[in-house]
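Per our numbering, the sequence shown starts with residue 129, numbered consecutively. Quick reminder that beta carbons are idealized off the backbone N, C-alpha and C, glycines included.
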Amino acid sequence: MLRSANDMAHRPGSAKRIAVIPGDGVGKEVIPAAVKILKAAAQKGSRELAITGFDWGADRYLRDGTTLPADAVEMFRRDFDAILLGALGDSRVPDNRHAADILLGLRFQLDLYANERPCVLIDSKLTPLRNRTEKEIHFHVIRENTEGLYAGMGGFFKKGTADEIATQEDVNTRKGVERIIRYAFEFARRRGLRRVCMSDKSNALTFGHNLWTRVFAEVRRQYSDIEASHMYIDNLLLQMVRDPSQFQVIVTCNLFGDIASDLGAGLIGGLGLAPSGNIHPGQVSLFEPVHGSAPDIAGKGIANPMGAALAAAMMCDYIGWTAEDQCIKHAVFAAIREGKMTPDLGGSLTTREVGDWIAGRVSAS
Ligand SMILES: NC(=O)c1ccc[n+]([C@@H]2O[C@H](COP(=O)([O-])OP(=O)(O)OC[C@H]3O[C@@H](n4cnc5c(N)ncnc54)[C@H](O)[C@@H]3O)[C@@H](O)[C@H]2O)c1
């Protein structure tokens, strides 16, 4: 039986059941820190939390071939309120088969069609842009998460020969496009935001993105309280750097959302700070930092745990723990203000030290 996030929030006295998948590389470093912070927030708010860990990732795959077990999706729907994931990707698995099976498998099979990626500047000293304030870089990328060029449709012909052909199909369904555009308008309305910008490349992608343009024109008519605009993706990326203050909500396809949100992360201080939610409203949803397994720094204990902590905060908000969401966010903001940071932000603390400091701040707040 499907539950709504709201129903879950009002199940009195019951523990929230959180599945935790640290995954690979720095995922195994930042997720323990985020879980510690989450536990501190739950304790602070006298909330019950039931955490179950899953060791899916490259080590497990190389050991026994497990990626996403056949019954996993049903289990998550039945037994969990939300999933917290680190990152997946390991060079010992050259095609990253395990990562595709687990992460794309969960996104597709749980139909987590909306990928929310906030790009919120916490402190003006963190942006590489000159003279920009926190108010001027505060927008959300809403990325379509189940279709487009990530649908895995395509193939090789004459692979490995000089005549090789490789195709990758861009899948855009009316249902998929309409629901993500509607999600973006509803998201804006819920948060009292006034502007939604849809970005595509309909001047060149004259079929798939023509559908985006037509559906956007239809849906925007139902949200006359919100200012709707359109930008081609190349211009959008330029404008994000030139004047990010013009954006509040950006909605776009899977590939463009992936790229735009990494640029957005760059504007707020780097990938180590950026959280995301993979959401199907009312159903079990998945929260993760935007970054990957960062093999260049994995094992050194210096990965920034703030993106993972902020993903845990987003998860709290989703399951109805709004005070805990705020509490974690404020503790992360305080860590930045007080210079309790990892080297990517110019600090000298380790992942664990930053995580412990934020957890301590949550408890003391
Ligand atoms: N959602 C996911 O699980 C996800 C997302 C992106 C990439 N990946 C995978 O991760 C692997 C590495 O990919 P990549 O190098 O392109 O991207 P990446 O995000 O892992 O790293 C990009 C850069 O950001 C830095 N970085 C990332 N996370 C950081 C953190 N928490 N603190 C400080 N610095 C951080 C890295 O050191 C690196 O310089 C690949 O296998 C890729 O497929 C997984």
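- Boundaries of the alpha helix (DSSP H) harbouring Ser491: 479-492, taken from the DSSP string.
- Not one heavy atom of ligand 1 is found less than 7 Å from the C-beta of Thr195.
- By the Cβ test, the stretch 340-352 is not in contact with the stretch 197-214, since fewer than three Cβ pairs between them sit closer than 8 Å.
- One alpha carbon belongs to Asp445, the other to Ala294, and they sit about 42 Å apart.
- Within the same chain, Cβ atoms closer than 8 Å to the Cβ of Arg220 are found at Ala186, Leu190, the five residues on either side in sequence being excluded.
- In the displayed model, Met326 falls within a strand according to three-state DSSP.
- Proximity of the beta carbon of Val154 to ligand 1 is indicated: a heavy atom of the ligand is located closer than 7 Å.
- In this structure, DSSP gives Phe315 a helical state, which the three-state scheme calls helix.
- For Lys144, the three-state secondary structure derived from DSSP is strand.
- Around the Cβ of Ser174, a 10 Å sphere holds fewer than 16 other Cβ atoms; the residue is exposed.
- Contact between Ile250 and Ala487 fails: their C-beta atoms lie close to 18 Å from each other, not under 8 Å.
- By DSSP's assignment, Ile270 forms a beta bridge with Glu244, Val379.
- Secondary structure of Tyr351 (DSSP, three-state): coil.
- With 5 Å as the limit, the residues whose C-beta approaches any heavy atom of ligand 1 more closely are Ala215, Leu216, Gly217, Leu399, Gly400, His419, Gly420, Ser421, Ala422, Asp424, Ile425, Ala431, Asn432, Asp472, in sequence along the chain.
- Three or more beta-carbon pairs separated by less than 8 Å link the stretch 240-255 to the stretch 388-408, which places the two stretches in contact.
- In the same chain as Phe344, and ignoring 5 residues on each side of it, the C-beta atoms closer than 6 Å to its own belong to Ile309, Met326, in chain order.
- Relative to Leu231, the option among Phe285, Ala316, Trp184 whose CA is nearest is Trp184.
- One alpha carbon belongs to Asp453, the other to Met443, and they sit about 8 Å apart.
- Beta-carbon to beta-carbon, Gly276 and Asn363 are separated by about 19 Å, too far to satisfy the 8 Å threshold.
- Secondary structure note for Phe415: it is in no alpha helix (DSSP H), and the uninterrupted beta strand (DSSP E) holding it is 413-417.
- Per DSSP, Gly282 is one residue of the beta strand (DSSP E) stretching across 282-285.
- Shown here for Asn224: same chain residues with a beta carbon closer than 6 Å to its own, the five before and five after excluded, namely Gly217 in chain order.
- Judged by DSSP secondary structure, Asn363 falls within the alpha helix (DSSP H) whose first and last residues are 361-370.
- The straight-line gap separating the alpha-carbon atoms of Ile396 and Phe375 is approximately 14 Å.
- Rounded to the nearest angstrom, the Cβ distance from Val148 to Phe182 is 7 Å, consistent with a contact under 8 Å.
- Per DSSP, Thr450 is one residue of the alpha helix (DSSP H) stretching across 450-465.
- Taking the C-beta atoms as reference points, Cys247 is found nearer than 8 Å to Ala393.
- Residue burial annotation: Pro160 is buried, with at least 16 other C-beta atoms found within 10 angstroms of its C-beta.
- For Leu177, the enclosing beta strand (DSSP E) covers residues 177-181.
- Annotation for Asp229: Thr195, Leu196 place their beta carbon closer than 8 Å to its own, counting only its chain and skipping 5 residues before and after.
- In this chain, the alpha helix (DSSP H) harbouring Ile159 covers 155-172.
- A straight-line Cα-Cα distance of about 6 Å links Val490 and Ile456.
- Rounded to the nearest whole angstrom, the C-alpha separation of Met359 and Asp484 is 42 Å.
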